[in-house]
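What follows is a short report on a single structure.
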Amino acid sequence: MKIQKSFEDNRSKLYLVATPIGNLNEMTPRAVEILKSVDMIAAEDTRVTQKLLNHFEINNKMISYHKFNEKESTEGIINLLDQGMDVALVSDAGYPLISDPGEILVGACVNAGYSVIPVSGSSAFINAL
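Under my numbering, think of the first position of the sequence shown as 615, with each following residue one higher.
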């Protein structure tokens with residue numbers, strides 16, 4: 615992806631990456647590119663996300679981030695951002711934060727001054743229409 619120089623931001627970023635709902639081929643090219651470029655992927659269920667990563671031949675490191683470890687994992691992810699790493703948060707299907715964990719992490723990132731960037735994709739809301 616080409617980014618205009620005036621839009622470049624060299625600070626660490628948290629990407630909120632939407633994942634497909636039911637069909638892996640609904641993944642957007644930008645979402646695949648982001649997942650390939652980040653230093654770490656934080657996944658609601660690493661087993662589900664591993665299938666997605668395998669499908670798109672993405673070999674990046676992955677950590678678990680779910681409702682049972684959200685507070686502890688948030689600290690670890692902020693630490694990664696402090697080290698200059700970019701992190702992507704994904705849920706099992708659809709957007710992170712919509713009926714999925716992530717609110718605590720996003721709040722911590724905003725408070726720490728990190729950019730939080732949504733990456734569009736599948737939405738159960740649209741499918742419900």
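Cβ coordinates follow ideal geometry from the N, Cα and C atoms, glycine included.
Taking the beta carbon of residue 638 as the centre, do at least 16 other beta carbons fall within 10 Å, making it buried, or is it exposed? Taking the first residue of the sequence shown as 1, we reach residue 638 at position 24. Residue 638 comes out exposed.
In terms of residues, what are the limits of the alpha helix (DSSP H) holding residue 685? Working through the sequence shown from its first residue, we reach residue 685 at position 71. 684-696 is the extent of the alpha helix (DSSP H) around residue 685.
Looking only at DSSP bridge pairs, what is residue 732 linked to? Numbered from its first residue, the sequence shown carries residue 732 at position 118. For residue 732, which the question treats as bridged, DSSP gives the partners 630.
From the DSSP secondary-structure annotation, give me the bridge partner or partners of residue 701. On the sequence shown, residue 701 is found 87 positions in, with the first residue counted as 1. In DSSP, residue 701 forms a bridge with 628 and 654.
According to the Cβ coordinates, are residue 726 and residue 677 closer than 8 Å? Start at 1 with the first residue of the sequence shown, and residue 726 comes out as number 112. Start at 1 with the first residue of the sequence shown, and residue 677 comes out as number 63. No. Outside cutoff.
For residue 672, does the three-state DSSP call read helix, strand or coil? By 1-based counting over the sequence shown, the position of residue 672 is 58. In the structure shown, residue 672 sits in coil (DSSP, three-state: anything other than H, G, I, E or B).
Sub-8 Å separation of residue 700 and residue 733 beta-carbons: Residue numbering aside, residue 700 sits at position 86 when the sequence shown is read from its first letter. Residue numbering aside, residue 733 sits at position 119 when the sequence shown is read from its first letter. No, these two residues do not count as a Cβ contact at 8 Å.
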